[in-house]
């Protein structure tokens, strides 16, 4: 609705960002932690946020980012309206009262940018792999679209995690030859129910793009999406990052500088919640303990939150001085400001 | 709470508006689509919105209208508090934890105007015909009250639909002798459950007040409220509008300039959800198709949304270039600004 | 985040306030009813509100207070995210997806003050008596924390009730020897289910601290928390207040200047909802009627709302000219402004 110096842009997947765009967003986020972060950069702009799934950090960081930058936010959340259909060519005689295309048209008509959360359906692996709700939204929405976690990716979490890694290690080996590559371990974790793969895939993308030596450790049967892995590994290789996958958890943790825990469901039980729950409950030894951290090299613990204490990780690890989980949550705010400026064509 | 140039005023029913007030609101809405729509006309004002039923367009257009005009909004929605009782002289030993009179007193005490959504209960036709929750609210509320859809009426939708008709036809035959009267067909549509009659009654009122030749087409047994029909027909006659009711859908669609689809429940099954659902499912041939539109005279399609694709209307009609549904949704924003200014005594 | 003239401060329990702080908050609330109440005193401040239970007055008065004083509000409510665990050392394999400590860390990281509503669990009387969720939050939260009703106390309601008493009686006997002590009766009331004890305990504290002759009337078996009673009675004694407890409702009402009705559950059935409901339903004669008020000395009726008509109190009492319930609700707004200024170190 207003003239801007920079072209507006959607943020659908982290792997669609050029290296320059990735680094630019992180630099902007760093700047927006300072006084620039409470300048009225987005006055007169309105953002419509549609959350099809529950949220705490995402919703609050979006609200706070808009407040700080002077933008108006319209928020539609679970429970405030009704269920939305997203499939094409379906006769809508079920629970959904409105098609997402119509709803997005309405949001678009009242805003300068749209932000969408649409988790994986967890019914059909091939369907989820196509990130269908996000793709539909991208087609239906003529405004810049921000992905606040889709079936396959969570780019805001990826950027926040990268920012925390840069803070912790004093820089990124992808940018500075003087910065050493670190052993960053993404360790599958137990849970009480099967969860989507968006966050682990986003985290892997961030670690690789930041140029680290990344180890993906999970029990057999918990493979992530092969196409996503290929893509983020290739992008990472351009920045010096390496990816190793293993089922040997102890070996993975040896010498780790970062232990990033996250649970997700087994591919064999995709669409079967009960069998999926049994599978993720069946590996309690993958819960992260202080002893696990001690195998590392001055290792820190990371998790995107929310996290179940005593299931994913021991409470003392989570609350201990080696835990970066609150830093990760706090980084969501400047990252959200950066992607809003990016979406709305404002150079912060 | 502040001095204003224009008297403040409630908007309970569209049929209670004088023609001058109706035209004045539409002129204000047109003005508020321009730069006036983002002037701080309502700075220092607070609006309390109580939504007893789900909402998307209504809630977002109210939020956006307040943001744009500088008003503060307090919003109480389904799920954020508890159930409210509205009947007088009832012993409250059921699900309702608070009487609407007390709640409205609280909202009133913190605001300059109140906006209420209270759908038809669909238990008792005679009870709904009295619009009892809205009437109670009007008695209980010493501030201007805006009706965001009650049992019998949806005046904001009526105004938005009138605005879209004026846009589409380049004016209103009620105001300009040079503007020809058009054939505007309100066509009942199938659904999966019986719905209230507020929107079709509001739409009829808008078409008639705008001076068109209106055709109401529905299967036998789907009569609207007789008292409302009498009232809006009489108002329409003063503006050159005519009303014809028919069960012959094909004849209705022949030569139509507008096909406005909407479902509502059968009178015979009022209060019986299962029988009502069977009745509205039993007429699938009333679903609007491209072939139906082709019977018209360059006909456009209208619907208030949300709409079920493949049940009420075919997806290709809805998404086609003859569909005005997004224009209708977009018109809710300037209309909401106009009724807020009206309620708060501000001349936009 | 900004420099302030007054030290910031939490408000956990009314009985932890010094008399000077209590009177200071009430004086501030009185001032904030005037033009000072819409000054931008809190510009640049952000408040995070976490409501673990439903709310109407509390949520709206917090929103309105922040709007009026220029603060930003982040609000997390039931249904917008997930269930939170608060117990330490529990394996989180149940319904709760996040521990309150993590959630409060996130809220704290994005705000200058936190406000929490966490009702009594009503499972275990000893557990509730320790106000465990509020105590956990106070330990976990490095920012000022406002109690928006905990298991044992509702300090904002206490302050609002005190403000209304001062209005009604033209001052407080605790402050002015010329103001006579009044007979203020807290009368237990029937209900349809057992309710927590926070409000009656808060009200008693307010009446006593204001220096009145307080009568607590309830059927046998409905004792409040002994430790709280001892504490508020001692504080009240320092201000001239007296406390008498009785099971004789008629004697209590004789000569009353104020009849404050409130229901709560029986101790013997704590944790047993069905037996608790039977117990609170079994005393219908405790419902407040006009005849009850007539036993008093020009008695007024008070209740914190929400209230069930015909169960707790007759509708004519509630809506009558002797009812102060709307004044109580309205007083929540200036009180909320006062406690926000108190929490954020701003002298209004």
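Residue numbers (my numbering), protein chains in the order written: chain P, 18 to 365; chain W, 18 to 365; chain S, 18 to 365.
Glycine residues also receive a C-beta, built at the ideal position from the N, C-alpha and C atoms.
Grab the span of the alpha helix (DSSP H) containing residue i for me, first residue to last.
i             : result
residue 367/W : No answer is possible for residue 367/W: it lies beyond the span of chain W, which begins at 18 and ends at 365.
residue 89/W  : From DSSP, residue 89/W is part of no alpha helix (DSSP H) but of the beta strand (DSSP E) over 89-93.
residue 216/P : 215-226
residue 68/S  : Careful: residue 68/S lies outside any alpha helix (DSSP H), inside the beta strand (DSSP E) at 63-68.
residue 79/S  : 74-86
residue 267/W : 266-270
residue 54/W  : Looking at the DSSP string, residue 54/W is not in any alpha helix (DSSP H), and its letter there is neither H nor E.
residue 183/W : 172-186
residue 254/W : 243-254
Checking the sheet assignment: what are the DSSP bridge partners for residue i?
i             : result
residue 8/S   : No statement about residue 8/S is possible, as the shown extent of chain S runs from 18 to 365 and does not include it.
residue 115/S : 101/S
residue 28/P  : 163/P
Go to residue i, then tell me how far its beta strand (DSSP E) extends in each direction, as first and last residue.
i             : result
residue 166/W : Unbroken run through residue 166/W: none, as it is neither H nor E.
residue 259/S : 259-263
residue 49/P  : First-last for residue 49/P: 36-49, but that is the alpha helix (DSSP H), not the beta strand (DSSP E).
Could you run through the stretch 126-145 of chain S and flag, in chain order, every residue whose CB is less than 7 Å away from some CB of chain P? So the close ones are 126, 127.
Residues of the stretch 318-345 of chain P whose Cβ lies closer than 8 Å to any Cβ of chain S, in chain order: 322, 323, 324, 325, 326, 327, 328, 332, 335, 336, 342, 343
Anything in the stretch 65-97 of chain S with a Cβ closer than 8 Å to a Cβ of chain P? List those residues in chain order, please. 65, 89, 91, 93, 96, 97
Start-end ranges of the alpha helix (DSSP H) lying completely within the stretch 285-340 of chain P, minimum 4 residues: 290-298, 307-311, 332-336
Determine contact between the stretch 131-144 of chain W and the stretch 160-172 of chain W, defined as no fewer than three beta-carbon pairs at a distance below 8 Å. Verdict: yes, contact present.
How about the stretch 173-182 of chain S and the stretch 212-226 of chain S: do they share at least three Cβ pairs that are nearer than 8 Å? yes
Indicate whether the contact test is met: 3 or more Cβ pairs, each with one atom in the stretch 277-287 of chain S and one in the stretch 201-216 of chain S, closer than 8 Å. yes
Contact between the stretch 233-252 of chain S and the stretch 178-195 of chain S (3+ Cβ pairs under 8 Å): no
Please specify which runs of the alpha helix (DSSP H), each continuous and at least 4 residues long, are wholly inside the stretch 125-160 of chain W, giving them in chain order. 142-146, 149-157
Do three or more CB pairs link the stretch 340-356 of chain W to the stretch 115-127 of chain P at distances below 8 Å? yes
Which residues of the stretch 198-217 of chain W have a Cβ closer than 8 Å to any Cβ of chain P? Give them in chain order. 209
Can we say the stretch 250-265 of chain W touches the stretch 299-309 of chain W, given the rule of at least three CB pairs closer than 8 Å? no
Three or more C-beta pairs below 8 Å linking the stretch 54-64 of chain P and the stretch 319-335 of chain P: The stretch 54-64 of chain P, when compared against the stretch 319-335 of chain P, does not touch it at the 8 Å Cβ threshold.
Are the stretch 61-75 of chain P and the stretch 84-103 of chain P in contact at 8 Å, needing three or more beta carbon pairs? Segments in contact, yes.
Using a Cβ-Cβ cutoff of 8 Å, what residues of the stretch 166-192 of chain W are near chain S? List them in chain order. none
Between the stretch 97-112 of chain W and the stretch 39-53 of chain W, are three or more C-beta pairs nearer than 8 Å? The stretch 97-112 of chain W is not in contact with the stretch 39-53 of chain W.
With 8 Å as the C-beta to C-beta threshold (strictly closer), list the residues of the stretch 97-108 of chain P near chain W in chain order. 97, 98, 99, 102, 105, 106, 107, 108
Counting pairs of beta carbons, one from the stretch 209-220 of chain S and one from the stretch 281-301 of chain S, are three or more of them closer than 8 Å? yes
Where the stretch 150-161 of chain P meets chain W: residues whose CB sits under 9 Å from a CB there: none
In chain order, what residues of the stretch 346-360 of chain W put their CB closer than 8 Å to some CB of chain P? 346, 347, 350
Stretch-stretch touch, CB-based, cutoff 8 Å, three pairs: the stretch 28-36 of chain S with the stretch 246-256 of chain S: yes
Are there three or more Cβ pairs, one per stretch, closer than 8 Å when the stretch 134-150 of chain P is compared with the stretch 283-302 of chain P? yes
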